[in-house]
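Undergrad: Using the numbering used here, the first residue of the sequence shown is number 9, and each one after it goes up by one.
For glycine and all other residues, C-beta sits at the position ideal for the given N, C-alpha and C.
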Amino acid sequence: MNYSFIIPVFNRPEEMEKLLVSIAQLTFDRNFEVVVIEDGSDLTCEAVCSRFCENLTINYVYKPNSGPGDSRNFGMSNAAGDFFIILDSDCILPSHYLKVVDEYLKIDFIDCYGGPDAAHSSFNNLQKAINYSMTSFLTTGGIRGGSEQLGKFQPRSFNMGLSKKAFEATGGFGKIHPGEDPDLSIRLWKNNFDTVLIKDAYVYHERRISWRSFYKQVYKFGMVRVILNKWHPETAKIIYWFPALFFIWFLIAVGASVLGYQLLLCLYLFYFCILFIHSSITNGVRVGLRSVLATLLQFYGYGTGFLRSWWKIKILKKNETEAFPELFFK
Numbered sequence: 009m010n011y012s013f014i015i016p017v018f019n020r021p022e023e024m025e026k027l028l029v030s031i032a033q034l035t036f037d038r039n040f041e042v043v044v045i046e047d048g049s050d051l052t053c054e055a056v057c058s059r060f061c062e063n064l065t066i067n068y069v070y071k072p073n074s075g076p077g078d079s080r081n082f083g084m085s086n087a088a089g090d091f092f093i094i095l096d097s098d099c100i101l102p103s104h105y106l107k108v109v110d111e112y113l114k115i116d117f118i119d120c121y122g123g124p125d126a127a128h129s130s131f132n133n134l135q136k137a138i139n140y141s142m143t144s145f146l147t148t149g150g151i152r153g154g155s156e157q158l159g160k161f162q163p164r165s166f167n168m169g170l171s172k173k174a175f176e177a178t179g180g181f182g183k184i185h186p187g188e189d190p191d192l193s194i195r196l197w198k199n200n201f202d203t204v205l206i207k208d209a210y211v212y213h214e215r216r217i218s219w220r221s222f223y224k225q226v227y228k229f230g231m232v233r234v235i236l237n238k239w240h241p242e243t244a245k246i247i248y249w250f251p252a253l254f255f256i257w258f259l260i261a262v263g264a265s266v267l268g269y270q271l272l273l274c275l276y277l278f279y280f281c282i283l284f285i286h287s288s289i290t291n292g293v294r295v296g297l298r299s300v301l302a303t304l305l306q307f308y309g310y311g312t313g314f315l316r317s318w319w320k321i322k323i324l325k326k327n328e329t330e331a332f333p334e335l336f337f338k
């Protein structure tokens, strides 16, 4: 297979430099292409890309801003490879990444794969805590951290592989964002393509994030899930209600404790202690404390976004593009 890395970027030249350094250090014995799609940035990474041209085959293209999904489609349409590896610009690859992918596909070819989201030792405490809350089996079932136990695996576009055949059959990513990656996974299944998790094809996802931006991100995730359930009702599951129900019952537990009923709140405290201990063993006490806060914020943000979207779309019967225009690129 001939591989093309597909990397959309928006105003992040420093992140792109870190990613290109890691790509240049891959232990792989064949040539591959790197397609960088500058999505209407004011602060471009063209100069950064030019410094790597001697070590990497880079195809740098600039286009008007149209969102990450459309930019990935544009990159795949202009790529030379027959298998595309899609990355976010804030990722860093371990040196074995492409070798692992290539060996897997040679033995058991799949048209779409995803890989886990890992935290590098150099990440700050907040980045590690948020990574834990988004990847741990104790919080999300491990959907980004290397687990398929909650159902058929839906690759995420920060670390995804897609064959040219599958891209051409589905048209690639849609206009919604976030949510364009699970939407693509579901459409792939409907077109008789399979998806798989390659556990050793992990990336270090160095999110440029704060508590506020993390809340906004997970809030949108909750909003989008209702829309995806409407588009693909066969994939709707009760587990998507869990964050909202978790926080509703947490409020009930606090209220009940004020009235003298402590059992429910004690169960929550026990769960938070388990999170703290589990995260602290791997990341240290400071990250463990932040992991509990990140999990609370994640459940609250996702749950409230989900409930708001459910009310507007399922109860008020509003069209999703009119109810939430901020989730769609034109």
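#1: Are the CB atoms of THR303 and LEU324 nearer to each other than 8 Å?
#2: Check PHE91 in the structure and name its three-state DSSP category.
#3: Between SER49 and the ligand NAD, is there a pair consisting of the residue's CB and a ligand heavy atom that are separated by less than 7 Å?
#4: Please classify TRP319: is it buried, with 16 or more other beta-carbons within 10 angstroms of its beta-carbon, or exposed?
#5: Going by alpha carbons, who is nearest to ILE100 out of ALA209, GLY75, VAL232 and ASN63?
#6: Determine the closest residue to PHE175 out of LEU275, ASP78 and GLN225, with distance taken between C-alpha atoms.
#7: Provide the residue(s) that pair with LYS71 in DSSP beta bridges, ordered along the chain.
#8: Here's a check: name, in chain order, each residue in its chain whose Cβ is nearer than 6 Å to the Cβ of VAL43, leaving out the five neighbours to either side.
#9: For the pair the segment 322–338 and the segment 169–184, tell me if three or more CB-CB distances fall below 8 Å.
#10: Just the Cα atoms here: how many angstroms apart are PHE161 and GLY263?
#11: Decide if GLU214 is buried, meaning its Cβ has at least 16 other Cβ atoms within 10 Å, or exposed.
#12: What's the call for ILE115, buried or exposed, on a 16-neighbour Cβ count within 10 Å?
#13: Any contact of the segment 133–153 with the segment 284–294, i.e. 3+ C-beta pairs under 8 Å?
TA: A quick look at the data gives this:
#1: no
#2: strand
#3: This structure simply doesn't include the ligand NAD, nor any ligand for that matter.
#4: exposed
#5: ALA209
#6: ASP78
#7: ASP47
#8: SER12, ILE14, ASN67, GLY83 and ALA87
#9: yes
#10: 38 Å
#11: buried
#12: exposed
#13: yes
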